[in-house]
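Reading through the structure tokens given below for one structure.
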Amino acid sequence: DEQTCAIVKPDAIEHAALVEAAIHREDQLEIVQRETLTWTPQTAEAFYAEHHGKPFYATLVGFMTSGPIQVMTLAGPGAIGAWRGLAGPTNSERARQVAPTSLRARFGTDGTHNAVHGSDSPAAAAREINIAYQ
């Protein structure tokens, strides 16, 4: 089975139970590991290393270390696509227009404060799962 790294971000942590309920309703997704923790700046910087140097990088690291997050490893056939489908478009405002029942439409604010994270490829999932629980 494919695995993906799913994160409930600080802006949506109060809705973590609702996010989990949405996952449980998806036949092809199973939560195989779950932990609520607060990232250090070092962990957030490592996790988002691909964005280093981009204008939003410091804001993203600051946001992701601003409070608790819930890190989950999800598994199942097509887990990456299934979770990304549940999450909806990256920008929460766009999500409200085109995917109003998605997690980002329901719980996100904008492009950074967008409720959840999902890996975009098997390679990213493996790397992110390795870092996210630190």
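Every letter in the sequence shown is one number past the one before it in full-length UniProt numbering, and letter 50, counting from 1, is 50. Note that the Cβ used here is the ideal one computed from N, Cα and C, for glycine as well.
For the region 3-12 against the region 65-72, do three or more pairs of beta-carbon atoms, one drawn from each stretch, fall closer than 8 Å, so that the two count as touching?
They touch, by the three-pair rule.
Can you list, in chain order, the residues of its chain with a C-beta nearer than 6 Å to that of T36? Leave out the 5 residues immediately preceding and following it.
Taken in chain order, the residues that qualify are P68 and Q70.
Quick check: does the Cβ of A87 come within less than 8 Å of any heavy atom belonging to the ligand FMN?
Judged by which ligands are present, the structure shown has none, so any question about the ligand FMN falls away.
Is the beta carbon of A82 sitting closer than 9 Å to the one on Q28?
Yes.
Apart from the five residues just before and just after residue 135, which ones in its own chain have a Cβ nearer than 6 Å to its Cβ?
The requested residue 135 is not part of the displayed model; the chain covers only 1 to 134.
Over what stretch of residues does the beta strand (DSSP E) that includes T36 continue unbroken?
Here the beta strand (DSSP E) through T36 covers E30 to L37.
Let me know the beta strand (DSSP E) ranges lying completely inside the UniProt domain "Nucleoside diphosphate kinase-like" (1-134), each 3 residues or longer, listed in chain order.
2-8, 30-37, 69-76 and 116-118, all fully within the UniProt domain "Nucleoside diphosphate kinase-like" (1-134).
Roughly how far, in whole angstroms, is the beta-carbon of E20 from the beta-carbon of L86, given that I think they are within contact range, below 8 Å?
Contact flag wrong, Cβ pair sits at about 11 Å.
If I measure Cβ to Cβ from A17 and keep anything under 8 Å in the same chain, skipping five residues before and after, which residues do I get?
None.
Based on Cα-Cα distance, which residue from E128, A105 and A79 lies nearest to T90?
Closest by alpha carbon: A105.
Spatial neighbours of V116 within its chain, please: C-beta separation below 7 Å, excluding the five flanking residues on both sides.
A6, I7, V8, K9, A12, V19, A87, L103 and R104.
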